[in-house]
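Visitor:
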Amino acid sequence: SFPGPLRVSSEELAKHKSKDDAWTVLGGKVYNITPYMEYHPGGESELLRCAGRDGTKLFQLTHAWVNYEVMLDKCLVGFYVPH
Ligand code: HEM
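Under the numbering used here, the letters of the sequence shown match residues 4 to 86, in that order.
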């Protein structure tokens with residue numbers, strides 16, 4: 004049967020918090036932001052602040068106008084299941 008989209012736990016998410024392996028959550032979706040690291044206009048260290056955790060609030064505080072869904076479409080890992 005169809006397995007459905009990948010579900011990512013907070014435990015799994017927390018493993019991906021380094022520059023070379025960074026995931027974040029934006030609006031309930033988990034993204035691999037590693038390929039974007041070198042292109043972020045705000046720099047790597049700022050982007051890393053949302054690595055391994057839910058970055059939704061931080062992202063909205065800094066640039067709510069940025070269309071992350073379009074930008075990170077190819078970086079989608081799955082859905083966040085926070086437990
Ligand atoms: C700038 C994307 C996460 C801080 C930008 C810009 C984009 C972008 C497209 C340029 C915006 C513009 O000029 O209008 C992203 C994406 C993120 C992310 C896709 C997550 C996946 C973060 C986080 C922080 C941050 C977590 C801070 C903790 C900044 C800052 C700038 C910026 C300070 C302004 C840089 C400047 O113009 O000097 N980001 N960002 N970003 N971002 Fe992010």
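Note that beta-carbon positions come from the ideal geometry of N, C-alpha and C, so glycine has one too.
1. If we ignore side chains and look at the alpha-carbon of each, how far apart do residue 78 and residue 27 end up?
2. Determine the direct distance from the alpha carbon of residue 17 to that of residue 47, and round the result to whole angstroms.
3. Would you tell me roughly how many angstroms separate the C-alpha atoms of residue 36 and residue 49, rounded to the nearest one?
4. Between which two residues does the beta strand (DSSP E) containing residue 32 stretch?
5. Is residue 31 buried or exposed, if buried means 16 or more other CB atoms sit within 10 Å of its CB?
6. Grab me the residues of residue 25's own chain with a C-beta within less than 8 Å of its C-beta, minus the 5 sequence neighbours each way, in chain order.
7. Is the CB-CB distance between residue 101 and residue 71 below 8 Å?
8. Checking 8 Å against the spacing of the C-beta atoms, do residue 84 and residue 12 come in under that value?
9. Using a Cβ-based criterion (distance less than 7 Å to any ligand heavy atom), does residue 27 qualify as near the ligand HEM?
Guide: Let me lay it out:
1. 10 Å
2. 18 Å
3. Cα to Cα, residue 36 sits roughly 12 Å from residue 49.
4. 32-35
5. exposed
6. 19, 35, 36, 37, 40, 50, 51, 54, 55
7. Residue coverage of the chain in this structure runs from 4 to 86, which leaves residue 101 outside it and unanswerable.
8. yes
9. With a threshold of 7 Å, the Cβ atom of residue 27 counts as near the ligand HEM, since some heavy atom of the ligand is closer than that.
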